[in-house]
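*Asks:* Okay, handing you the structure first.
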Amino acid sequence: MECNVSELVKRGHEQVDELKSSCGAVDVRDVAQLISDLATQLDVQLARSNVLAAENAGIKAAIDATIRWQQSTDPENVESVRMLVDVKTPAIEVILADVMAQGVEMFAKEMHADISGDDAREFAAQLRKGAAS
Numbered sequence: 021m022e023c024n025v026s027e028l029v030k031r032g033h034e035q036v037d038e039l040k041s042s043c044g045a046v047d048v049r050d051v052a053q054l055i056s057d058l059a060t061q062l063d064v065q066l067a068r069s070n071v072l073a074a075e076n077a078g079i080k081a082a083i084d085a086t087i088r089w090q091q092s093t094d095p096e097n098v099e100s101v102r103m104l105v106d107v108k109t110p111a112i113e114v115i116l117a118d119v120m121a122q123g124v125e126m127f128a129k130e131m132h133a134d135i136s137g138d139d140a141r142e143f144a145a146q147l148r149k150g151a152a153s
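This note's numbering puts the first residue of the sequence shown at 21, with every later residue one more than the last.
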């Protein structure tokens, strides 16, 4: 089913309203399809944000390399270059931290020892918390 995110959000709110008022008279197949569509769109949005985060990380690496080069060739003016390219991207930092945390959670899921899995999940939570602060 082809739907955009806005339409899925609208349908989701409509289904919630219907569920609240109908006390069970909702077609479960419609709800299941909506949940499936929402999950698909979330996957798409996650993939897009991961690509943007990776591109942003590449740009930041290029900027850092430029600053290091400037510092090695003209250390007196490196601060002016650093100020020109000092871009703050807190939203991207949160996305990157979430991607890293997801990787840790995937690792934790594969671990069969509960202690290692718990430690990995705790570390993933710390990654997310650190980016948000």
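All C-beta atoms in this analysis are idealised placements derived from N, C-alpha and C, irrespective of residue type, glycine included.
For phenylalanine 143, collect the residues of the same chain with a Cβ closer than 6 angstroms to its Cβ; drop the 5 residues on either side in sequence, then sort them by chain order.
*Replies:* Along the sequence shown, one-based indexing puts residue 143 at 123. Cβ within range, chain order: Val124.
*Asks:* Looking at C-beta atoms only, is the number of pairs between the stretch 86 to 103 and the stretch 58 to 76 that lie closer than 8 angstroms three or more?
*Replies:* No: fewer than three Cβ pairs fall under 8 angstroms.
*Asks:* So asparagine 70 packs on valine 119, CB below 8 angstroms; how close in whole Å?
*Replies:* Taking the first residue of the sequence shown as 1, we reach residue 70 at position 50. Taking the first residue of the sequence shown as 1, we reach residue 119 at position 99. So it is a contact: roughly 6 angstroms between Cβ atoms.
*Asks:* So, with DSSP's three-state summary, where would you put threonine 60?
*Replies:* Position 40 of the sequence shown, counted from the start, is the residue given in the question as residue 60. Helix, per DSSP.
*Asks:* So phenylalanine 127 packs on alanine 140, CB below 8 angstroms; how close in whole Å?
*Replies:* Within the sequence shown, the letter at position 107 stands for residue 127. Within the sequence shown, the letter at position 120 stands for residue 140. At roughly 5 angstroms, the Cβ-Cβ gap stays under 8 angstroms, so phenylalanine 127 and alanine 140 are in contact.
*Asks:* Given that a residue counts as buried once 16 or more other Cβ atoms are within 10 Å of its Cβ, and exposed if not, what is serine 55?
*Replies:* Within the sequence shown, numbered from 1, the residue matching residue 55 stands at position 35. Residue identity differs from the one stated: residue 55 is isoleucine in this sequence, not serine. The residue is exposed, with fewer than 16 neighbouring Cβ atoms inside 10 Å.
*Asks:* Distance, Cα to Cα, valine 51 vs glutamine 65?
*Replies:* On the sequence shown, position 31 is the one that residue 51 refers to. On the sequence shown, position 45 is the one that residue 65 refers to. Looking at the two C-alpha atoms, the distance is approximately 21 angstroms.
*Asks:* What residues in its chain sit with their C-beta under 6 angstroms from that of alanine 121, if we drop five residues either side in the sequence?
*Replies:* If you number the sequence shown from 1, residue 121 lands on position 101. Answer for alanine 121: Ala144, Leu147, Arg148, listed in chain order.
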